[in-house]
Structures are given as structure tokens and as C-alpha cells.
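Colleague: Just so we're aligned, residue 87 is where the sequence shown starts under the working numbering, counting upward by one.
Just passing along the structure, written as C-alpha cells.
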Amino acid sequence: MSRIRISSFAPRWFFALVPYRISEGLLINLLPLFVVQVAGGTVTDVGKVNSLVAFAGVIGFSFWGNLSDRVKRRRPFLMIGIAGFCLCLFGMGSGDNVNQVLKACTLGGFSMAAVIPSATALVMDTVPEERIGDYFGRFYLIGGWSFIIALIFGGVWLSVSPEIFGMTEAMRSLFVLAGIGTILSLILCFLWIKEPSREPINRQRQFTPALLGRLSVGLIERRVLFYPARSIYFVTRPQFFQLVVQNLKTTLSLYYAFSALLFLSIQIIYIPFPLFLTDILGATNDQVLWITLARSLVETYCYLRVGRLVQSRNSIHLQAWASGVRIGIFIILTLLAVFHSSQYSLAIITLTHLLTGLTWAVIGVSGTTSVARLSPRGQEGGAIGIYNSVIGCSAIFGSLLSVFLVATQGYGFCFGLGTVLMSLTTICLWGLGSVTPEVSRQQ
Numbered sequence: 087m088s089r090i091r092i093s094s095f096a097p098r099w100f101f102a103l104v105p106y107r108i109s110e111g112l113l114i115n116l117l118p119l120f121v122v123q124v125a126g127g128t129v130t131d132v133g134k135v136n137s138l139v140a141f142a143g144v145i146g147f148s149f150w151g152n153l154s155d156r157v158k159r160r161r162p163f164l165m166i167g168i169a170g171f172c173l174c175l176f177g178m179g180s181g182d183n184v185n186q187v188l189k190a191c192t193l194g195g196f197s198m199a200a201v202i203p204s205a206t207a208l209v210m211d212t213v214p215e216e217r218i219g220d221y222f223g224r225f226y227l228i229g230g231w232s233f234i235i236a237l238i239f240g241g242v243w244l245s246v247s248p249e250i251f252g253m254t255e256a257m258r259s260l261f262v263l264a265g266i267g268t269i270l271s272l273i274l275c276f277l278w279i280k281e282p283s284r285e286p287i288n289r290q291r292q293f294t295p296a297l298l299g300r301l302s303v304g305l306i307e308r309r310v311l312f313y314p315a316r317s318i319y320f321v322t323r324p325q326f327f328q329l330v331v332q333n334l335k336t337t338l339s340l341y342y343a344f345s346a347l348l349f350l351s352i353q354i355i356y357i358p359f360p361l362f363l364t365d366i367l368g369a370t371n372d373q374v375l376w377i378t379l380a381r382s383l384v385e386t387y388c389y390l391r392v393g394r395l396v397q398s399r400n401s402i403h404l405q406a407w408a409s410g411v412r413i414g415i416f417i418i419l420t421l422l423a424v425f426h427s428s429q430y431s432l433a434i435i436t437l438t439h440l441l442t443g444l445t446w447a448v449i450g451v452s453g454t455t456s457v458a459r460l461s462p463r464g465q466e467g468g469a470i471g472i473y474n475s476v477i478g479c480s481a482i483f484g485s486l487l488s489v490f491l492v493a494t495q496g497y498g499f500c501f502g503l504g505t506v507l508m509s510l511t512t513i514c515l516w517g518l519g520s521v522t523p524e525v526s527r528q529q
């Protein structure tokens with residue numbers, strides 16, 4: 087078959103995934119609220135659901151990615167993943183209890199794992215080597231704006247429909263609408279995606295410096311925390327553990343350890359965060375989405391600008407500065423959790439969330455850049471794979487720890503521990519950046 091036609095901006099199939107990504111954004115942001123408010127679950131059940139999604143994703147990423155590489159086909163697995171996710175959404179819309187939601191989400195986690203490896207491989211198979219960095223940036227940028235559209239649509243729907251249907255049916259119908267949107271993606275993929283030729287454009291898929299500063303574009307923080315299986319997929323790849331052993335005695339190993347601590351502290355705070363807004367601060371579901379939207383807009387706006395900034399700066403020090411700002415944000419959250427909320431609490435949360443968006447842009451871009459700069463020449467791809475695996479494992483552990491702490495000790499203790507861990511992370515990162523001048527080198 088002929089190769090996929092490359093347009094002036096991006097392949098048309100990039101946009102075929104927009105309805106799917108919008109539906110994904112709705113699930114990611116509303117799942118904790120749905121589990122508690124509609125399925126009658128607890129904050130502990132939220133942790134169970136997140137863990138099962140991650141576990142199903144670990145299996146799915148390895149299964150679908152390796153199978154796609156083995157049979158040299160991308161389109162069927164992309165469509166299988168979207169179809170499975172569609173069934174998950176309809177299952178969520180009709181789920182009456184936590185067990186039904188768990189089953190639907192497990193199917194969704196396994197199915198979603200087929201989409202990203204297939205889509206990524208499709209980009210690599212069809213885009214010339216010299217344009218890969220540019221097109222990956224556009225691919226993630228489209229995904230980022232799709233996530234924002236999901237927040238806008240969800241916010242408008244939950245602002246209006248509860249007065250007509252009630253909150254429970256409004257939440258259910260939103261997932262049904264998301265399922266219908268996913269069917270649209272399935273149809274567009276069938277019409278717009280052609281299987282690439284047997285001989286891919288890029289026979290050797292190696293890390294390229296052109297991807298630096300673009301790898302994290304559009305990777306909204308809530309998506310990373312919700313689905314860490316995307317990161318730990320690298321554990322199943324060939325030579326992974328050999329690379330781990332090689333890096334044990336290097337400065338890079340320290341950076342991995344500090345990154346694990348960083349993402350553990352982030353996960354402890356933000357997994358129960360939507361429930362904190364509704365249960366403690368009295369926010370409505372649509373207000374939760376509007377607050378998330380404000381942060382996501384800042385994240386998306388700042389990514390490319392931060393990507394340019396980090397090329398000429400000490401990337402670990404930039405990450406330490408961002409972590410330092412988060413200490414202040416986490417202290418504010420802890421105080422709001424410990425003391426009674428005031429009429430200004432949601433306004434304060436919104437302002438701090440704008441800073442959260444900026445800090446995530448710095449953390450996301452600086453992280454991959456620091457790893458690539460610290461790794462041996464020619465081994466950047468494997469080093470970033472290990473880094474993503476460290477993030478994924480920290481996120482899964484942090485998800486379980488956070489809901490346990492909230493259930494047994496309360497939000498104040500949970501947020502306080504996250505603040506302490508973030509403070510320790512900031513000190514460690516600053517010290518490492520001071521003794522590691524190579525993270526300032528130009529790529």
C-alpha cells in the first residue's frame with residue numbers, strides 16, 4: 087500500500103484521534119468523582135480503580151506493542167484499542183456499582199494501551215527521519231488541545247445538564263456521549279488511516295536530539311498521573327535491565343532516585359485532589375473541570391517556550407526551581423485541608439493551579455532533557471526509557487499510598503507528607519545540579 091500522505095501541518099489521521107482523546111480526557115478527570123458520587127465508592131476505591139487501570143495497561147502495552155511490531159501492522163491495533171475503550175465508556179455509563187466500574191476501567195486500561203504504541207509506531211513508520219521531532223511535537227500538541235476541549239465540553243455539560251437530569255444521570259450521559267465520540271474516531275481511523283508499506287521509512291528507530299523539548303508537549307499532568315503504565319512499558323523492552331545495571335554507578339542513577347521522589351510527592355497530592363475539592367472545599371463537578379482547565383491552558387501555552395529556555399540553562403536547576411514553587415503550593419493545600427475552608431478557598435486554589443501548570447511544563451521538559459544530557463552519547467533513548475519507568479513505578483505506588491493516607495489519616499496529613507517529600511526533592515535536585523555542569527550543555 088502507499089504511504090500515508092503527509093500534509094503541510096500533519097497527517098490527517100492525527101485529527102482522527104481527536105474525538106478519542108477528548109473522551110479520554112473526560113474519563114481521566116471525572117473518574118474519581120464518578121466512582122464516589124455515582125458508583126457509591128470511597129476514596130480507597132478510587133485508588134483501586136487507578137491501580138487496576140495501571141496494571142491492565144502494563145500488560146496491554148507489552149502485549150499490543152510487541153504484537154504490533156511482530157505482525158508489522160498498526161491500523162488494526164489502533165482500531166482495536168479505540169473500540170475497546172468505547173466499550174469501557176458505555177460500561178461506565180451503565181455501571182451501578184464499584185465492581186462494574188472496575189471491570190469497565192480494566193477493559194479500558196488494557197484497550198487504551200493499544201492506541202499509543204500503535205500511533206507512535208505509525209508516526210515513526212511514515213514520517214521522514216529529519217521531520218520526526220517536528221511531527222511528534224504536533225502530534226502531542228493536538229493531543230494537548232484535545233484534552234482542553236474535553237475540559238470545556240465537560241464543564242459546560244455539568245454546568246447545565248444536572249438541572250435537567252440530575253447529577254447522577256448527567257455524569258452517566260456524559261460517558262455515553264464520550265462513547266459516541268469514540269465511535270466517530272473509529273470511523274475516521276477506518277477512512278483516513280492506510281497501512282504503511284511493509285518497509286518503513288525509518289528502519290533504525292533511535293533517539294534523536296530533535297525530540298528534546300518536544301517529548302513532553304501536550305502531556306498534561308493529569309494524564310501522566312492517571313495512566314503511569316504508559317511510562318513503565320519500557321520495562322518490557324529488550325536490554326532494559328542491562329541498561330539499568332550500566333547506569334547504577336553514574337550520576338544518572340542519582341537523578342533517577344530524585345525523580346522517583348519527585349513524582350511520588352506529586353502523586354500523593356494530586357490523586358485525591360478532585361475529591362478534596364468536592365468533599366472539603368465544596369466545589370461542584372463543573373468547577374473542578376474549570377479549575378483543571380485553567381491549569382491545562384497554562385501547561386499547553388508554556389511547553390514550547392520552556393523547551394526553548396531549557397536548551398541554554400541548567401535543566402536540573404530549573405527543575406529544582408519548579409519543585410520549590412510547588413512546595414509553596416503544597417503548603418497552601420495543606421493549610422486549606424487542616425483549617426476550615428473560607429469563601430475564598432476556590433479562588434486561592436485556582437491561582438495556585440495556574441502556578442502548578444507552569445511548574446509542570448518546567449518539570450516535564452527539564453526531566454527528559456536532563457536525562458538525555460546525563461546519559462552516555464548514543465544511549466539517550468534507553469536512558470529516557472528507564473526514566474519513564476521510574477516515573478511509572480513511583481506513580482503507581484504513590485496512587486495507592488495517597489488514598490490509604492486520606493482514608494486513614496485525612497487530607498491534611500496526606501498533603502503534609504507530600505510537602506515534606508517535595509522539600510526533600512528540591513534540596514536533592516539543587517545539590518545535584520550544582521555538581522553536574524554537563525546538564526547545561528547545548529544539544
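Built from N, CA and C at the ideal position, the CB exists for glycine as well.
Given the structure is predicted, the values throughout are model-derived calculations rather than measurements.
Below 8 Å, how does it come out for the segment 351 to 363 and the segment 501 to 510: are there three or more Cβ pairs, yes or no?
Modeller: In short, these stretches touch, since the Cβ pair count reaches three.
Colleague: Tell me the residue span of the alpha helix (DSSP H) that contains Thr192.
Modeller: Your numbering for residue 192 matches position 106 in the sequence shown. Taken as a continuous stretch (DSSP letters only), the alpha helix (DSSP H) holding Thr192 covers Val184 to Thr212.
Colleague: Does the segment 110 to 123 touch the segment 353 to 372, meaning 3 or more C-beta pairs lie closer than 8 Å?
Modeller: yes
Colleague: Curious, which full-length alpha helix (DSSP H) runs of at least 4 residues does the segment 98 to 138 contain?
Modeller: Within the segment 98 to 138, the complete alpha helix (DSSP H) runs of at least 4 residues are 99 to 102 and 104 to 123.
Colleague: Report all residues from its chain with a CB closer than 8 Å to the CB of Val246; omit the five preceding and five following residues, and keep chain order.
Modeller: Residue numbering aside, residue 246 sits at position 160 when the sequence shown is read from its first letter. Around Val246: no qualifying Cβ.
Colleague: Quick one: what's got a C-beta closer than 6 Å to Gly194's C-beta in the same chain, skipping five residues either side?
Modeller: Walking along the sequence shown from the start, residue 194 turns up at place 108. Result list for Gly194: Phe171 and Cys174, in chain order.
Colleague: Could you check where the alpha helix (DSSP H) with Thr336 kicks off and where it finishes?
Modeller: Taking the first residue of the sequence shown as position 1, residue 336 is located at position 250. Careful: Thr336 lies outside any alpha helix (DSSP H) and carries neither H nor E.
Colleague: From what residue to what residue does the alpha helix (DSSP H) around Thr505 run?
Modeller: Within the sequence shown, residue 505 is the residue found at index 419, counting from 1. Segment Tyr497 to Ser520, the alpha helix (DSSP H) holding Thr505.
Colleague: Relative to the C-alpha of Gly133, which residue among Val411, Phe483, Gly502 and Thr442 is closest?
Modeller: The residue given as residue 133 occupies position 47 in the sequence shown. For the residues Val411, Phe483, Gly502 and Thr442, the minimum Cα distance to Gly133 belongs to Phe483.
Colleague: Where does Tyr430 sit, in a helix, a strand or coil, going by DSSP?
Modeller: Sequence index remark: in the sequence shown, residue 430 carries index 344 (1-based). Looking at Tyr430 - three-state DSSP - the assignment turns out to be coil, as it is neither helix nor strand.
Colleague: By the three-class DSSP mapping on this structure, what secondary structure does Gln397 have?
Modeller: If you number the sequence shown from 1, residue 397 lands on position 311. DSSP places Gln397 in coil when its eight states are reduced to three.
Colleague: Is DSSP giving Thr420 helix, strand or coil here?
Modeller: In the sequence shown, counting from the first residue as 1, residue 420 sits at position 334. Three-state result, Thr420: helix.
Colleague: My parser needs the alpha helix (DSSP H) runs of 4 or more residues fully inside the segment 148 to 187; what are they?
Modeller: 161 to 180
Colleague: Does the segment 238 to 257 come close enough to the segment 123 to 137 to have 3 or more Cβ pairs within less than 8 Å?
Modeller: At 8 Å Cβ cutoff, the stretches touch.
Colleague: I'd like the ranges of any alpha helix (DSSP H) spanning at least 4 consecutive residues and lying wholly in the segment 225 to 285.
Modeller: 248 to 251 and 253 to 278
Colleague: Taking the alpha carbon of Ile168 as the point to measure from, which residue in Ile228, Tyr106 and Asn152 has its own alpha carbon closest?
Modeller: Locating residue 168 in the sequence shown gives position 82, counting from the first residue. Of the candidates Ile228, Tyr106 and Asn152, the one whose C-alpha sits nearest the C-alpha of Ile168 is Tyr106.
Colleague: Pick out whichever of Ser382, Ser137 and Thr364 has its Cα sitting closest to the Cα of Ser431.
Modeller: For the purposes of this step, residue 431 is taken as the residue at position 345 of the sequence shown. Its Cα nearest to that of Ser431, the residue Thr364 stands out among Ser382, Ser137 and Thr364.
Colleague: I need the straight-line Cα distance from Gly304 to Thr454, nearest angstrom please.
Modeller: Taking the sequence shown and counting its residues from 1, the one referred to as residue 304 is at position 218. Taking the sequence shown and counting its residues from 1, the one referred to as residue 454 is at position 368. Annotation note: pLDDT 40 at Gly304 (below 50); position unreliable, coordinate value reported separately. Those two C-alpha atoms are separated by around 14 Å.
Colleague: On the DSSP letters alone, give me the boundaries of the alpha helix (DSSP H) that Pro360 sits inside.
Modeller: The count along the sequence shown starts at 1 and reaches residue 360 at position 274. Looking at the DSSP string, the run of the alpha helix (DSSP H) that includes Pro360 is Phe359 to Asp365.
Colleague: Quick check on DSSP: helix, strand or coil for Ser456?
Modeller: Locating residue 456 in the sequence shown gives position 370, counting from the first residue. Per DSSP, reduced to three states, the secondary structure at Ser456 is helical.
Colleague: Mark Glu385 as exposed unless 16 or more other C-beta atoms lie within 10 angstroms of its C-beta, in which case mark it buried.
Modeller: Position 299 of the sequence shown holds residue 385. That one is buried.
Colleague: If we count the other Cβ atoms within 10 Å of its Cβ and call it buried at 16 or more, is Glu249 buried or exposed?
Modeller: Residue 249 sits at position 163 when you count from the first residue of the sequence shown. So Glu249 ends up on the exposed side.
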